[in-house]
Amino acid sequence: MNPILLFDAESAWTDKDSFDSSLSLLSENIQKQVVAFYHRADKRLALGSQLLQRYFFAQSYNVPWNSIKLIRQDGHKPRIDSQVLKNVDYNVSHHSGIVVLASRADGKRVGVDIVHIAMLDGEEFDWMDAFKQVFTASEYKFIESIPEKRTTRFFQLWSLKESFVKGIGLGLVTDLQAIEFRNICDLEKWDHAPRNYQDVAHVYRNGMRLNWYFRFYHLRPFHLVATAYEYPTPARADGEWITPLEIRYQFERTMKTDRPL
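The sequence shown runs 2 to 262 under this note's numbering.
Shown next, in the form of structure tokens:
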């Protein structure tokens with residue numbers, strides 16, 4: 002079983018030297034992609050994402066670090082370029098300093114999204130109006146029916162939709178109103194301990210229920226991870242925080258191995 006892997010890109014590097022040390026674990030081409038981002042926070046997220054993906058394949062499948070070639074499928078979903086690992090599916094998301102990776106190895110699909118539940122109320126305009134093309138009438142009603150839960154429910158639905166379309170490999174470039182979530186669970190008050198929520202919603206496409214299973218992982222007071230799993234559903238997975246030191250260990254360990262892809 003592969004856990005949900007988490008990386009805190011906001012606090013992982015204390016100075017430029019430590020950042021550059023981790024950056025050096027990547028090829029020159031990938032390094033250029035990382036440093037091309039203008040904002041410091043975006044550079045950190047980009048580096049964290051690249052490192053976490055490579056850590057996953059090095060640690061879980063003993064793939065030599067320099068042999069890991071990550072490519073994009075149609076719909077921009079990432080995968081490793083390997084016939085040996087063709088049944089491994091994974092997805093990555095990052096937001097507000099945190100990178101998250103979900104995976105499975107049974108040939109079925111998985112999608113993940115992380116959101117920061119920010120207070121959007123009090124804006125000069127009704128911010129929900131901007132998302133009328135995203136949510137169905139039923140979903141809109143779910144969000145608006147309890148005013149004090151409006152913001153949380155909005156982000157719950159947003160993360161569910163994005164995790165699903167990322168899981169099927171479409172990204173947010175499809176008709177989102179054709180995808181409707183029903184039977185959505187409400188999150189309980191966060192009590193300072195990460196919490197898993199199982200079977201949190203059902204998804205329908207053009208009125209027909211699809212064989213996908215959804216989970217929420219309440220990570221921090223305002224961070225929520227949504228995972229989408231194509232049936233059959235894998236075993237429950239808790240979050241596991243990965244550090245730059247652990248990443249460097251896998252880099253050094255697998256550089257000494259010789260495993261064909």
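Every residue, glycine too, gets a C-beta built ideally from N, C-alpha and C.
A quick note: this is a predicted structure, and the numbers were derived from the prediction, not measured.
#1: What's the call for Tyr56, buried or exposed, on a 16-neighbour Cβ count within 10 Å?
#2: In whole angstroms, what separates the C-alpha of Pro4 from that of Trp242?
#3: Write down the C-beta distance between Gly168 and Arg110 rounded to the nearest angstrom, noting that I regard them as a contact closer than 8 Å.
#4: Taking the CB atoms as reference points, tell me whether Ile115 and Asp9 lie closer together than 8 Å.
#5: Going along the chain, which unbroken runs of the alpha helix (DSSP H) with 4 or more residues stay wholly within the segment 150 to 218?
#6: By how many angstroms is the C-alpha of His96 removed from the C-alpha of Gly208?
#7: Which residues in the same chain have their Cβ closer than 8 Å to the Cβ of Pro233, if we skip the five residues on either side of it in sequence?
#8: By a C-beta neighbour count over all protein chains shown, 10 Å radius and 16 as the cutoff for buried, is Asn63 buried or exposed?
#9: List the DSSP bridge partners of Ile5.
#10: Taking Glu221 as the reference, which of Pro235, Arg237, Asn197, Tyr91 has the closest Cα?
#11: Per DSSP, what kind of secondary structure is Leu27 in: helix, strand or coil?
#12: Have a look at Ala13, Asp16, Ser23 and flag the residue whose alpha-carbon is nearest the alpha-carbon of Arg249.
#13: By the three-class DSSP mapping on this structure, what secondary structure does Ile248 have?
#14: Looking only at C-alpha atoms, which of Val93, Pro245, Thr137, Met256 sits nearest to Phe20?
#15: Quick check on this structure: which residue in His203, Glu253, Gln178, Asn88 has the alpha carbon closest to the alpha carbon of Ala229?
#16: State buried or exposed for Tyr91, treating a residue as buried only when at least 16 other CB atoms are found within 10 Å of its CB.
#17: Mapping DSSP to helix, strand and coil, what is Ala229?
#18: What does the alpha-carbon distance come out to for the pair Gln178 and Thr137?
#19: Kindly indicate if chain B contains any beta-carbon less than 8 Å away from that of Ile72.
#20: Any idea what DSSP makes of Tyr91, helix, strand or coil?
#21: Thinking C-alpha only, which one of Cys186, Leu102, Asp43, Phe58 is nearest Val85?
#22: What does DSSP give as the partner residue(s) for Ile81 in the beta ladder?
#23: Distance, Cα to Cα, Asn67 vs Glu140?
#24: Would you report the Cα separation of Phe156 and Ile118, rounded to the nearest angstrom?
#25: Give the single residue among Ala194, Thr255, Glu231 whose Cα lies nearest to the Cα of Asp239.
For this structure:
#1: Position 55 of the sequence shown, counted from the start, is the residue given in the question as residue 56. Classification for Tyr56: buried.
#2: For the purposes of this step, residue 4 is taken as residue 3 along the sequence shown, with counting starting at 1. For the purposes of this step, residue 242 is taken as residue 241 along the sequence shown, with counting starting at 1. Each residue's Cα considered, the two are about 10 Å apart.
#3: The residue given as residue 168 occupies position 167 in the sequence shown. The residue given as residue 110 occupies position 109 in the sequence shown. At roughly 5 Å, the Cβ-Cβ gap stays under 8 Å, so Gly168 and Arg110 are in contact.
#4: The count along the sequence shown starts at 1 and reaches residue 115 at position 114. The count along the sequence shown starts at 1 and reaches residue 9 at position 8. Contact: no.
#5: 151 to 168
#6: Locating residue 208 in the sequence shown gives position 207, where the first residue counts as 1. Locating residue 96 in the sequence shown gives position 95, where the first residue counts as 1. Taking the straight line from one Cα to the other gives about 31 Å.
#7: By 1-based counting over the sequence shown, the position of residue 233 is 232. Same-chain partners within the cutoff: Asp107, Lys109.
#8: The residue labelled residue 63 in the question sits at position 62 within the sequence shown. Exposed, by the Cβ-count rule.
#9: Counting from 1 along the sequence shown, the entry for residue 5 is found at position 4. Per DSSP, Gly240.
#10: As a position in the sequence shown, residue 221 is number 220, starting the count at 1. Position check: residue 221 holds Arg in this sequence, whereas Glu was assumed. Nearest C-alpha to Arg221: Asn197.
#11: Reading the sequence shown from its first residue, position 26 is the one you call residue 27. Coil.
#12: Your numbering for residue 249 matches position 248 in the sequence shown. Closest option to Arg249, Cα to Cα, is Ser23.
#13: Within the sequence shown, numbered from 1, the residue matching residue 248 stands at position 247. Helix at Ile248.
#14: Mapped onto the sequence shown, residue 20 falls at position 19. Minimum Cα distance to Phe20 is reached at Pro245.
#15: Sequence index remark: in the sequence shown, residue 229 carries index 228 (1-based). It is His203.
#16: By 1-based counting over the sequence shown, the position of residue 91 is 90. Tyr91 is buried by the Cβ-count criterion.
#17: As a position in the sequence shown, residue 229 is number 228, starting the count at 1. DSSP places Ala229 in strand when its eight states are reduced to three.
#18: The count along the sequence shown starts at 1 and reaches residue 178 at position 177. The count along the sequence shown starts at 1 and reaches residue 137 at position 136. Roughly 5 Å between the two C-alpha positions.
#19: Checking the listed chains, one finds no chain B in this structure; it contains a single protein chain.
#20: By 1-based counting over the sequence shown, the position of residue 91 is 90. Note: Tyr91 maps to strand in three-state DSSP.
#21: The count along the sequence shown starts at 1 and reaches residue 85 at position 84. Selected option, being the one with the closest Cα: Phe58.
#22: Indexing the sequence shown from 1 puts residue 81 at position 80. DSSP, once it has assigned bridges, lists Leu71 as partnering Ile81.
#23: Position 66 of the sequence shown, counting from 1, holds the residue named residue 67. Position 139 of the sequence shown, counting from 1, holds the residue named residue 140. Taking the straight line from one Cα to the other gives about 45 Å.
#24: Within the sequence shown, the letter at position 155 stands for residue 156. Within the sequence shown, the letter at position 117 stands for residue 118. Distance between the alpha carbons of Phe156 and Ile118: 6 Å.
#25: Here residue 239 refers to the residue found at position 238 when the sequence shown is read from its first residue. Of the listed residues, the one whose Cα sits closest to Asp239 is Ala194.
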